[in-house]
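Read in order, the letters of the sequence shown are residues 98 to 320 in the numbering used here. Beta carbons: idealized from backbone N, C-alpha and C, even for Gly. These numbers were taken from a predicted model, which means no experiment stands behind them.
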Amino acid sequence: MNILVVEDENSIREVETAYLKNAGFNVYEAENGSKALSIFEKTNIELIVLDVNLPEIDGITVCRRIRSKSNVPIIMATARTEDQDELIGLDCGADDYIKKPFNPSILVARVKSLLKRTSSSQIGNEYIKIDEEKQQVKVNDIIIELTTTEFNILLTLIKNPGKVFNRESIIIKAYNDYGSSDILDRTVDVHIKNIRKKMKVSNDLPEFILTVIGKGYKFNDSI
Ligand code: CA
């Protein structure tokens, strides 16, 4: 589990990092907003502890930028009570707030509770339940076995219902591959075929993944 700690004060950041590492998390550190954004772009960060008062790009701006493209859980660390008011007023999209100075073990507890909250909010609809952390998919409460690639493809589509993905973007999402390899469009079609087959646990189910002729695939947004 990768956590990004964004804090410009070295001593605080080091303590936060030490406690989180001790709790079993893999911690990335950033001392400013631009480094935080850069790490976030390149790494699979699963939760962010974000200081509000940062030099150059402040924490609220960092939070907004990340929120514009990701639902990653974010805990803001606020130094003053005014920050709290400001945060609530600005509604930058953070999931939780912790007031400084805080006991680092409280931070660890808040991180764990936020992770629990966000991972238990499963992705899916009335037929499908997806537990991203366990990489588990249930259709009509029946567990179906998907390969990692199939799982990634399904996840990409279901997280964006109605959005059309062409085969190339599906390859990028599912393989984290930016066109370097020999994965063919046809491979995507085979994966989709397999996913559909595996998901068809009963005959009265709607079509989950729709083909958009000449474009690609999309998740059925009328479910
Ligand atoms: Ca600070």
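{"Item": "Paired residues, beta bridge with N99 - DSSP", "Value": "N123"}
{"Item": "Span of the alpha helix (DSSP H), counted from its first residue to its last, around F248", "Value": "245 to 255"}
{"Item": "Distance, I255 Cα to G311 Cα", "Value": "20 Å"}
{"Item": "Contacts around D155, its chain only, beta-carbon distance under 8 Å, and the 5 residues preceding and following it disregarded", "Value": "G130, V149"}
{"Item": "Span of the beta strand (DSSP E), counted from its first residue to its last, around T140", "Value": "First-last for T140: undefined, no H or E at that position."}
{"Item": "Close Cβ partners of N222 (< 7 Å) along its chain, the five nearest in sequence each way excluded", "Value": "I320"}
{"Item": "Residues that DSSP places opposite G190 in a beta bridge", "Value": "Answer is none; G190 lacks a bridge partner."}
{"Item": "D228 - containing beta strand (DSSP E), residue span", "Value": "225 to 228"}
{"Item": "Proximity of P64 and D105 at Cβ, strictly below 8 Å", "Value": "Limits of the chain in this structure are 98 at one end and 320 at the other, which puts residue 64 out of reach."}
{"Item": "Through-space distance from V124 to Y116, alpha-carbon basis", "Value": "10 Å"}
{"Item": "Span of the beta strand (DSSP E), counted from its first residue to its last, around I239", "Value": "239 to 241"}
{"Item": "D282 - DSSP class collapsed to helix/strand/coil", "Value": "helix"}
{"Item": "With 16 other Cβ atoms within 10 Å as the buried cut-off, status of E247", "Value": "buried"}
{"Item": "Nonlocal neighbours in the same chain, by C-beta distance under 7 Å from I220, ignoring five residues either side", "Value": "I227, E229, I255, K256"}
{"Item": "Three-state secondary structure (DSSP) of V149", "Value": "coil"}
{"Item": "Nearest-angstrom Cβ-Cβ length linking T253 and K270, presumed shorter than 8 Å", "Value": "4 Å"}
{"Item": "N150: CB within 7 Å of a non-hydrogen atom of ligand 1", "Value": "yes"}
{"Item": "CB contact flag (I292, L243, <8 Å)", "Value": "yes"}
{"Item": "Which residues DSSP lists as bridging G221, in chain order", "Value": "K226"}
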